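Chemist:
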Ligand SMILES: [Zn+2]
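Residue numbers (the numbering used here): 8 to 102.
1. For residue 26, is the beta carbon positioned less than 6 angstroms from some heavy atom of ligand 1?
2. Name the residue from 25, 89, 55 whose alpha carbon lies nearest to the alpha carbon of residue 101.
3. Who are the Cβ neighbours of residue 62 in its own chain at under 7 angstroms, not counting the five residues just before and after it?
4. Report the CB separation of residue 13 from residue 34 in whole angstroms; it is logged as a contact under 8 angstroms.
5. Assuming residue 60 is part of the alpha helix (DSSP H), what are its boundary residues?
6. Who are the Cβ neighbours of residue 9 in its own chain at under 8 angstroms, not counting the five residues just before and after it?
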């Protein structure tokens with residue numbers, strides 16, 4: 008987590024991880040052009056490492072298989088996600 012381009016967006020509004028129900032209130036960008044999460048942005052849950060997709064109102068919905076395949080084809084994005092998930096899962100859930 009030392010990429011200089013990473014930017015955290017606090018208080019994006021409360022939403023819940025579609026995988027574990029953990030309340031998400033901020034987002035840290037780890038890949039792609041700098042900017043707030045928006046419709047279609049892929050999210051990695053800090054609690055469980057599960058993937059979700061941001062909707063336009065910045066709530067999260069579950070990712071579907073097709074979208075997962077699409078992310079996996081973007082090697083750089085996928086390796087960032089796998090690194091994050093590895094860290095999160097090694098650390099264990101907050102609750
Ligand atoms: Zn989660």
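For glycine and all other residues, C-beta sits at the position ideal for the given N, C-alpha and C. For clarity, every value in this text was computed on a predicted model and none was experimentally measured.
Modeler: Answer, in terms of the structure:
1. Locating residue 26 in the chain shown gives position 19, counting from the first residue. Yes, Cβ of residue 26 sits closer than 6 angstroms to a heavy atom of ligand 1.
2. Taking the chain shown and counting its residues from 1, one reaches residue 101 at position 94. The shortest C-alpha separation from residue 101 is found at 55.
3. Here the question's residue 62 lines up with position 55 in the chain shown. The answer, listed in chain order, is 46, 68.
4. Counting from one through the chain shown, the residue named residue 13 turns up at place 6. Counting from one through the chain shown, the residue named residue 34 turns up at place 27. Contact doesn't hold; Cβ gap of about 11 angstroms is too wide.
5. For the purposes of this step, residue 60 is taken as the residue at position 53 of the chain shown. No alpha helix (DSSP H) contains residue 60, which is instead part of the beta strand (DSSP E) from 58-61.
6. Position 2 of the chain shown, counted from the first residue, corresponds to residue 9. Low local confidence applies: a pLDDT of 49 at residue 9 is under 50, so the model's placement there is unreliable, with the coordinate-based value given in what follows. Counting only Cβ-Cβ distances below 8 angstroms, and skipping sequence neighbours, we find nothing.
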